Amino acid sequence: MSSCRRGANSTATRPSRPRSSTRFSPAAGSFMDEPLLRLTREWLTKAAHDLQNARIVSAVSDGPLDTAIYHCQQAAEKSLKAWLVSQNLPVERTHDLTRLVTLAAARDVSFFDWEEAAGILTPYASAFRYPGLTADPLPTRAEFDEALKLAEGIHALVLGLLPDEAAP
Numbered sequence: 007m008s009s010c011r012r013g014a015n016s017t018a019t020r021p022s023r024p025r026s027s028t029r030f031s032p033a034a035g036s037f038m039d040e041p042l043l044r045l046t047r048e049w050l051t052k053a054a055h056d057l058q059n060a061r062i063v064s065a066v067s068d069g070p071l072d073t074a075i076y077h078c079q080q081a082a083e084k085s086l087k088a089w090l091v092s093q094n095l096p097v098e099r100t101h102d103l104t105r106l107v108t109l110a111a112a113r114d115v116s117f118f119d120w121e122e123a124a125g126i127l128t129p130y131a132s133a134f135r136y137p138g139l140t141a142d143p144l145p146t147r148a149e150f151d152e153a154l155k156l157a158e159g160i161h162a163l164v165l166g167l168l169p170d171e172a173a174p
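Have a look at this one:
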């Protein structure tokens, strides 16, 4: 994960104190209990793994970009769902990123800046995964590069809004 990865919080210089299972997130504007924080982190970890898979697959000279672009869509989807979980909002079983952006924007309007990106990424959930759904059986390098940039942007937005403890 490039610049969106957060550093670990060091507690070496802090006095020890009893740990509460509830954490306050100034950015998220709410308290996150430990189970909610853990579930949010799990979604973000899965999203980070999808980004890592997309990068690895695309780095191979003849790497299958259809698989790599799917991982970009999945990374964005899981990042958005992490935000919804962190806000204690229901997580819909959908691959429609535009819908997820709308739900996420209910708590932070900056998600609306990513509506166009969501519209670009949404079709990659299935477009290249099944034969006959697109005129071209494989995405171009330019399509993949754009998808990766957009997915990384959504992931970074979510990480930036959440407390450091939520980062994978």
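In my numbering, the protein residues as written are 7 to 174.
By construction, the Cβ of each residue, glycine as well, lies at the ideal position given by its N, Cα and C atoms.
These numbers were taken from a predicted model, which means no experiment stands behind them.
Rounded to whole angstroms, what's the CA-CA distance from residue i to residue j? Just pull it up for me.
i    : j    : result
S64  : E152 : 13 Å
P137 : E40  : 43 Å
E45  : A141 : Position check: residue 45 holds Leu in this sequence, whereas Glu was assumed. Taking the straight line joining both Cα atoms gives about 39 Å.
G166 : L109 : 18 Å
T73  : E48  : 22 Å
W89  : R135 : 26 Å
R99  : K84  : 11 Å
I160 : W120 : 7 Å
D114 : L156 : 18 Å
D102 : G125 : 8 Å
H77  : F150 : 10 Å
Q80  : P145 : 16 Å
T104 : A111 : 10 Å
A133 : A148 : 16 Å
D68  : I62  : 12 Å
E158 : K52  : 13 Å
V66  : P143 : 19 Å
Q93  : M38  : 8 Å
L139 : V97  : 27 Å
So is residue i buried or exposed if we call it buried at 16+ other beta carbons inside 10 Å?
i    : result
F118 : exposed
Y130 : buried
L168 : buried
I75  : buried
E122 : exposed
Y71  : Correcting the residue identity first, residue 71 is Leu in this sequence and not Tyr. Classification for L71: buried.
V91  : buried
D170 : exposed
Any heavy atom of the ligand ATP closer than 7 Å to the CB of residue i?
i   : result
H55 : By its list of ligands, the structure shown contains no ligand whatsoever, and the ligand ATP lies outside what it can speak to.
How many whole angstroms separate the CB atoms of residue i and residue j, which I take to be in contact at a CB cut-off of 8 Å?
i    : j    : result
L163 : S116 : 7 Å
K87  : L106 : 7 Å
A82  : L127 : 5 Å
P174 : A60  : At roughly 16 Å, the Cβ-Cβ gap does not stay under 8 Å, so P174 and A60 are not in contact.
A172 : L95  : Wrong, their Cβ atoms sit about 15 Å apart, outside the cutoff.
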